[in-house]
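Numbered as in my numbering, the sequence shown ends at 197 without a single skipped number. By construction, the Cβ of each residue, glycine as well, lies at the ideal position given by its N, Cα and C atoms. Some notes on the structure that comes next.
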Amino acid sequence: MHSVKFDIDYPQDLSRGKLLLKTFFGWLYIMIPHGIILSVLSVIAGIMSFLAFWAVLFTGKYPKGMFDFIVNASRWGMRVTAYLALMTDVNPPYSFESADSPVKLEIVYPEALSRGKLLLRTFFGWLYVGVPHGIILSALGALAEAILFICWFIILFTGKFPEGMFKLVVGYLRWSLRVGAYSGFMTDEYPPFSFD
2 MHSVKFDIDY PQDLSRGKLL LKTFFGWLYI MIPHGIILSV LSVIAGIMSF
52 LAFWAVLFTG KYPKGMFDFI VNASRWGMRV TAYLALMTDV NPPYSFESAD
102 SPVKLEIVYP EALSRGKLLL RTFFGWLYVG VPHGIILSAL GALAEAILFI
152 CWFIILFTGK FPEGMFKLVV GYLRWSLRVG AYSGFMTDEY PPFSFD
């Protein structure tokens with residue numbers, strides 16, 4: 002099992018009205034308020050990540066409170082992303098927790114982390130993680146954007162997000178999250194070149 006688990010429940014039907022609402026007013030009621038909060042959370046998470054680097058380097062442990070904060074901020078961000086990417090009609094709550102959300106993100110807390118792998122990632126991560134995953138994820142990101150553009154029209158006319166396309170976008174997001182967790186030394190598990 003992977004240490005980073007991410008999924009979005011497939012919606013059987015999507016609202017055409019909410020599609021139009023998101024398209025024309027999403028910036029007002031989602032992007033601005035959530036964007037401001039997520040920007041602040043991102044700054045705090047960045048500071049915590051920097052401090053956690055030193056904690057892992059000296060103790061081999063990621064401070065649990067910092068780990069949980071970063072996971073919760075990521076979870077919040079993914080709920081907003083899924084909503085704006087037309088993958089759910091469930092409004093993202095202004096909260097770290099949302100048990101009934103169709104967006105699920107879990108990162109298993111590591112009891113211990115390798116100091117050697119931490120240093121390896123710090124100095125050579127760009128080479129063995131950034132380059133290969135970056136090239137593939139850039140291409141997949143462009144494909145995901147094209148899919149979302151096409152699906153906007155499909156949802157408008159049918160009220161459905163084609164399941165195969167939905168799974169591909171979820172797989173892309175999952176892959177990105179695994180690379181981010183590894184690069185952010187939240188796990189020692191090298192991210193697989195896989196959608197699963």
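*Find out if the Cβ-Cβ distance for the pair Ser184, Gly135 is shorter than 7 Å.*
Locating residue 184 in the sequence shown gives position 183, counting from the first residue. Locating residue 135 in the sequence shown gives position 134, counting from the first residue. No.
*Enumerate, from N- to C-terminal direction, the unbroken alpha helix (DSSP H) stretches of 4 or more residues contained entirely within the region 13-65.*
17-27, 33-60
*asked:* Helix, strand or coil for Leu106? Go by DSSP, reduced to three states.
replied: Looking up residue 106 in the sequence shown gives position 105. In this structure, Leu106 counts as strand in the three-state DSSP scheme.
*Phe186: which of Ile137, Ser139, Val72 sits nearest, CA to CA?*
By one-based count along the sequence shown, residue 186 stands at place 185. Out of Ile137, Ser139, Val72, Val72 has the C-alpha closest to the C-alpha of Phe186.
*Cβ-Cβ separation, Asp189 to Pro111 (assumed contact under 8 Å), whole Å*: Start at 1 with the first residue of the sequence shown, and residue 111 comes out as number 110. Start at 1 with the first residue of the sequence shown, and residue 189 comes out as number 188. Between Asp189 and Pro111 the Cβ distance is about 7 Å, and since that is below 8 Å, they are a contact.
*Can Ile156 and Met88 be called in contact, C-beta distance under 7 Å?*
As a first step, residue 156 must be located in the sequence shown, where it is residue number 155. As a first step, residue 88 must be located in the sequence shown, where it is residue number 87. In this structure, Met88 does not lie closer than 7 Å to Ile156 by Cβ.
*Who are the near neighbours of Lys23 in its chain, counting only those whose CB is closer than 8 Å to its CB and skipping five residues on each side?*
Here residue 23 refers to the residue found at position 22 of the sequence shown. Counting only Cβ-Cβ distances below 8 Å, and skipping sequence neighbours, we find Ile31, Tyr84, Leu85, Leu87.
*Spatial neighbours of Ala182 within its chain, please: CB distance less than 6 Å, with the 5 preceding and 5 following residues excluded, ordered by chain position.*
For the purposes of this step, residue 182 is identified with residue 181 of the sequence shown, where counting begins at 1. The answer, listed in chain order, is Val5, Ile108, Thr188.
*asked:* Rounded to whole angstroms, what is the Cα-Cα separation between Asp101 and Asn92?
replied: Numbered from its first residue, the sequence shown carries residue 101 at position 100. Numbered from its first residue, the sequence shown carries residue 92 at position 91. Distance between the alpha carbons of Asp101 and Asn92 is about 11 Å.
*Report yes or no: do three or more beta-carbon pairs, one from the region 167-177 and one from the region 112-121, lie closer than 8 Å?*
No, the region 167-177 is not in contact with the region 112-121.
_Cβ-based neighbour list, Pro1, same chain, cut-off 8 Å, excluding 5 preceding and 5 following_ = This structure cannot settle anything about residue 1, because the visible part of the chain is limited to 2 through 197.
*Which word fits Met79, buried or exposed, when buried means at least 16 other C-beta atoms lie within 10 angstroms of its C-beta?*
Mapped onto the sequence shown, residue 79 falls at position 78. By the neighbour-count rule (16 or more Cβ atoms within 10 Å), Met79 is buried.
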